[in-house]
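In the order they appear, the protein sequences are chains Y and W.
Just so we're aligned: the first sequence equals residues 2 to 330 in my numbering.
Just so we're aligned: the second sequence equals residues 2 to 330 in my numbering.
All residues carry an ideal CB built from backbone N, CA and C; glycine is no exception.
Keep in mind it's a predicted model, so treat the numbers as computed, not measured.
Number of protein chains: 2
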Amino acid sequence: MGKTRIGIAGYGNLGRGVELAIRQNDDMELTAIFTRRDPSAVKPLTPGTKVYNIADAESMKDQIDVLIICGGSATDLPKQTPALAKNFNVIDSFDTHARIPEHFANVDKAAKESGHLAFISLGWDPGLFSLNRLYAESILPNGKSYTFWGKGVSQGHSDAIRRVEGVKRGIQYTVPIEAAMEAVRSGSQPELTTRQKHKRECWIVPEEGADLAKIENDIKTMKNYFDEYDTTVHFITEEEFNANHNKMPHGGFVMRSGLTGDGENTHQMIEYSLKLESNPEFTASILICYARALSRLYKEGATGCKTAFDIAPAYLSKLSGAELRAAML
Amino acid sequence: MGKTRIGIAGYGNLGRGVELAIRQNDDMELTAIFTRRDPSAVKPLTPGTKVYNIADAESMKDQIDVLIICGGSATDLPKQTPALAKNFNVIDSFDTHARIPEHFANVDKAAKESGHLAFISLGWDPGLFSLNRLYAESILPNGKSYTFWGKGVSQGHSDAIRRVEGVKRGIQYTVPIEAAMEAVRSGSQPELTTRQKHKRECWIVPEEGADLAKIENDIKTMKNYFDEYDTTVHFITEEEFNANHNKMPHGGFVMRSGLTGDGENTHQMIEYSLKLESNPEFTASILICYARALSRLYKEGATGCKTAFDIAPAYLSKLSGAELRAAML
Numbered sequence: 002m003g004k005t006r007i008g009i010a011g012y013g014n015l016g017r018g019v020e021l022a023i024r025q026n027d028d029m030e031l032t033a034i035f036t037r038r039d040p041s042a043v044k045p046l047t048p049g050t051k052v053y054n055i056a057d058a059e060s061m062k063d064q065i066d067v068l069i070i071c072g073g074s075a076t077d078l079p080k081q082t083p084a085l086a087k088n089f090n091v092i093d094s095f096d097t098h099a100r101i102p103e104h105f106a107n108v109d110k111a112a113k114e115s116g117h118l119a120f121i122s123l124g125w126d127p128g129l130f131s132l133n134r135l136y137a138e139s140i141l142p143n144g145k146s147y148t149f150w151g152k153g154v155s156q157g158h159s160d161a162i163r164r165v166e167g168v169k170r171g172i173q174y175t176v177p178i179e180a181a182m183e184a185v186r187s188g189s190q191p192e193l194t195t196r197q198k199h200k201r202e203c204w205i206v207p208e209e210g211a212d213l214a215k216i217e218n219d220i221k222t223m224k225n226y227f228d229e230y231d232t233t234v235h236f237i238t239e240e241e242f243n244a245n246h247n248k249m250p251h252g253g254f255v256m257r258s259g260l261t262g263d264g265e266n267t268h269q270m271i272e273y274s275l276k277l278e279s280n281p282e283f284t285a286s287i288l289i290c291y292a293r294a295l296s297r298l299y300k301e302g303a304t305g306c307k308t309a310f311d312i313a314p315a316y317l318s319k320l321s322g323a324e325l326r327a328a329m330l
Numbered sequence: 002m003g004k005t006r007i008g009i010a011g012y013g014n015l016g017r018g019v020e021l022a023i024r025q026n027d028d029m030e031l032t033a034i035f036t037r038r039d040p041s042a043v044k045p046l047t048p049g050t051k052v053y054n055i056a057d058a059e060s061m062k063d064q065i066d067v068l069i070i071c072g073g074s075a076t077d078l079p080k081q082t083p084a085l086a087k088n089f090n091v092i093d094s095f096d097t098h099a100r101i102p103e104h105f106a107n108v109d110k111a112a113k114e115s116g117h118l119a120f121i122s123l124g125w126d127p128g129l130f131s132l133n134r135l136y137a138e139s140i141l142p143n144g145k146s147y148t149f150w151g152k153g154v155s156q157g158h159s160d161a162i163r164r165v166e167g168v169k170r171g172i173q174y175t176v177p178i179e180a181a182m183e184a185v186r187s188g189s190q191p192e193l194t195t196r197q198k199h200k201r202e203c204w205i206v207p208e209e210g211a212d213l214a215k216i217e218n219d220i221k222t223m224k225n226y227f228d229e230y231d232t233t234v235h236f237i238t239e240e241e242f243n244a245n246h247n248k249m250p251h252g253g254f255v256m257r258s259g260l261t262g263d264g265e266n267t268h269q270m271i272e273y274s275l276k277l278e279s280n281p282e283f284t285a286s287i288l289i290c291y292a293r294a295l296s297r298l299y300k301e302g303a304t305g306c307k308t309a310f311d312i313a314p315a316y317l318s319k320l321s322g323a324e325l326r327a328a329m330l
């Protein structure tokens with residue numbers, strides 16, 4: 002069987018992660034990278050990789066089995082995924098939870114009309130965390146679910162602090178509060194406020210002569226982003242920033258505390274957690290393993306839009322059903 | 002849509018757990034219990050439940066959508082599951098890992114010949130732990146997986162110590178060793194011996210006048226069960242035994258430590274854990290939620306044998322695809 006031919010649309014941190022993940026899967030190959038920039042300005046990690054302008058993607062449609070779209074959820078993916086599904090099987094990591102039903106409908110329509118298969122909202126949340134919520138809530142219907150994020154870099158919150166006057170460089174870490182997680186693990190099924198679940202830590206390189214007290218206050222009182230949290234603001238030098246804050250770690254926890262038995266007083270606890278040194282590289286690894294599943298399901302005749310919920314786990318593995326039963330069950 | 006009509010074959014701890022799990026799922030109903038004992042000697046927790054001898058099961062075949070077989074893996078299930086698949090859709094929790102391929106083949110043949118659908122080896126290991134191994138190893142192909150069990154009661158080891166001369170009552174807890182788990186979480190991908198991963202704790206009520214030193218030595222040196230582990234033996238009174246060792250807690254951890262990125266030196270860690278106050282009640286909750294999936298897949302025309310690997314997660318939930326995407330993705 003030939004290798005699955007992968008295209009990458011959008012060559013930022015996630016796109017580069019996909020390129021690296023392909024190297025770890027010998028049933029995959031990178032066919033082309035598509036960019037909105039001048040293709041000659043893009044330098045792939047893998048020498049010799051073809052780079053095209055995204056406007057020319059259609060010409061490559063017969064040479065790509067799965068196109069992985071690595072754009073942003075705010076403005077890129079709502080347009081790109083349905084548009085590219087007209088010519089390609091596509092995968093995206095659309096992560097604006099509230100808009101998933103609308104995005105699903107748009108992508109499903111485009112993919113069904115063109116006879117392609119599309120997977121959306123893959124990654125770890127939405128994605129692996131969603132799967133864990135589904136499995137745990139189906140198994141323990143009498144219970145309460147909790148999701149904690151971190152410790153890790155929130156791109157949205159980092160962008161927000163960088164827009165504050167007097168901030169030269171800035172990064173924000175979301176930190177789950179240990180006491181809240183311990184309360185969940187105890188089985189007490191606590192009601193937790195936003196402030197009780199997470200705190201926020203900001204590391205700032207100020208502009209020369211900036212008003213530090215004002216920066217701190219502007220951040221801590223910022224509506225939607227910080228006002229409902231306990232936030233710490235640290236001012237550091239650019240050297241310290243470059244040395245200690247150049248990674249994109251992330252992670253988090255999905256927990257389900259449930260009750261079973263006669264009288265429903267037997268406590269059962271399910272916990273799933275991720276501790277990631279690189280959020281984009283891990284997300285990319287998920288996308289590539291779902292590209293394998295997509296390729297198989299498409300060969301079986303599937304079209305339209307699917308999410309992680311719709312895909313039987315065996316499709317993700319290189320191993321056959323018999324090999325999986327012998328080695329992993 | 003009518004409720005899924007469940008039959009329970011074998012009414013021990015697991016069978017009673019299934020009966021209790023049905024109460025938590027209003028799309029399920031208990032139709033009958035089948036036993037090898039005299040049916041009049043079985044007292045279901047739910048008054049009015051019909052109890053039949055297992056030999057008369059065939060007469061009920063049109064009144065049961067899914068038969069959950071709650072026998073033991075050593076001798077019951079290898080015979081019962083293929084035999085009952087001739088007349089029923091069946092689910093079992095066959096957990097002898099090494100014999101799964103053979104059991105799968107036997108059940109698959111019987112179910113295909115009769116046009117039924119069978120799910121085998123469901124529970125948490127095999128089952129949820131297997132799923133986590135599969136997802137994690139597919140996502141992080143460069144890595145190492147670890148499974149730890151406990152703290153919890155091992156039925157097999159408890160049976161073994163009860164066969165030792167001078168033991169009146171006995172129970173054995175498998176305990177994962179925290180230092181080994183921390184070494185895994187550090188990302189060092191350690192090679193761990195059997196002794197480094199788990200220890201064993203035994204609580205014994207001795208017969209009057211028994212030779213305690215001999216009991217302890219007989220246990221600690223028992224081949225296959227204890228000789229490769231550090232084992233602690235505690236002697237207690239029957240009162241203490243009844244007060245503190247009357248539950249069947251269990252649990253465990255599945256971990257995958259993987260590497261991604263250029264140079265493959267970015268550490269990524271996935272961890273799944275269960276902390277269960279009742280092993281049989283939790284296993285039963287899994288079986289019932291897979292009964293929902295079985296009922297749906299059978300209506301779609303599926304036959305033969307399947308495992309957790311083959312079942313798309315969405316089939317487990319009472320919610321529709323659209324509801325799941327809106328609420329849980």
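Buried or exposed: where does residue i fall if 16 or more other Cβ atoms within 10 Å of its Cβ makes it buried?
i        : result
W/Asn245 : exposed
W/Asp155 : Looking at the sequence provided, one finds Ser at residue 155 of chain W rather than Asp. The residue is buried, with at least 16 neighbouring Cβ atoms inside 10 Å.
Y/Asn235 : The identity of residue 235 of chain Y in the sequence shown is His, whereas the question assumes Asn. Label assigned to Y/His235: exposed.
Y/Leu317 : buried
W/Lys276 : buried
W/Ala294 : buried
Y/Gly3   : exposed
Y/Gln269 : buried
For a test of the three-state rule: what should DSSP assign to residue i, helix, strand or coil?
i        : result
Y/Asp231 : strand
Y/His251 : strand
W/Thr222 : coil
W/Phe95  : coil
W/Cys203 : strand
W/Glu30  : strand
W/Leu288 : helix
W/Asn143 : coil
State yes or no: is the beta carbon of residue i nearer than 8 Å to at least one beta carbon in chain W?
i        : result
Y/Leu46  : yes
Y/Pro127 : yes
Y/Tyr273 : yes
Y/Tyr136 : yes
Y/Ile287 : yes
Y/Arg326 : yes
Y/Ala184 : no
Y/Met29  : no
Y/His98  : yes
Y/Leu85  : no
Y/Pro40  : no
Our contact map puts residue i next to residue j with C-beta atoms below 8 Å; I'd like the distance itself, whole angstroms only.
i        : j        : result
Y/Met333 : Y/Phe130 : Any question about residue 333 of chain Y goes unanswered here, given that chain Y covers just 2 to 330.
W/Ser122 : W/Gln190 : About 28 Å separates the two Cβ atoms, so there is no contact after all.
W/Trp204 : W/Ile178 : With a Cβ gap of about 19 Å, W/Trp204 and W/Ile178 do not count as contacting.
W/Ala33  : W/Tyr12  : Their Cβ separation, rounded to whole angstroms, is 11 Å, which puts W/Ala33 and W/Tyr12 out of contact at 8 Å.
Y/Thr304 : Y/His98  : Going by Cβ atoms, the distance from Y/Thr304 to Y/His98 rounds to 25 Å, so no, they are not a contact pair.
W/Gly171 : W/Ser159 : 6 Å
Y/Asn243 : Y/Gly153 : At roughly 19 Å, the Cβ-Cβ gap does not stay under 8 Å, so Y/Asn243 and Y/Gly153 are not in contact.
W/Gln81  : W/Ala10  : 7 Å
Verify the CB distance criterion: does residue i have a CB-CB separation below 8 Å to chain Y?
i        : result
W/Glu103 : no
W/Gln173 : no
W/Lys300 : no
W/Cys71  : no
W/Pro314 : yes
W/Thr82  : no
W/Gly151 : no
W/Asp109 : no
W/Ile7   : no
W/Asn14  : no
W/Met329 : yes
CB-CB under 7 Å to residue i, same chain, minus the five flanking residues each way: which ones, in chain order?
i        : result
Y/Val165 : Ile216, Asp219 and Ile220
Within the same chain, show all residues whose beta-carbon is closer than 8 Å to that of residue i, passing over the 5 residues directly before and after it, in chain order.
i        : result
W/Glu301 : none
W/Lys319 : Asn26, Asp28 and Arg293
Grab me the residues of residue i's own chain with a C-beta within less than 6 Å of its C-beta, minus the 5 sequence neighbours each way, in chain order.
i       : result
W/Pro83 : Asn107, Val108 and Ala111
With 8 Å set as the bound, which would you pick, yes or no: does the beta-carbon of residue i sit closer than that to a beta-carbon of chain C?
i       : result
Y/Asn26 : No chain C appears in the structure shown, which is made up of the protein chains Y and W.
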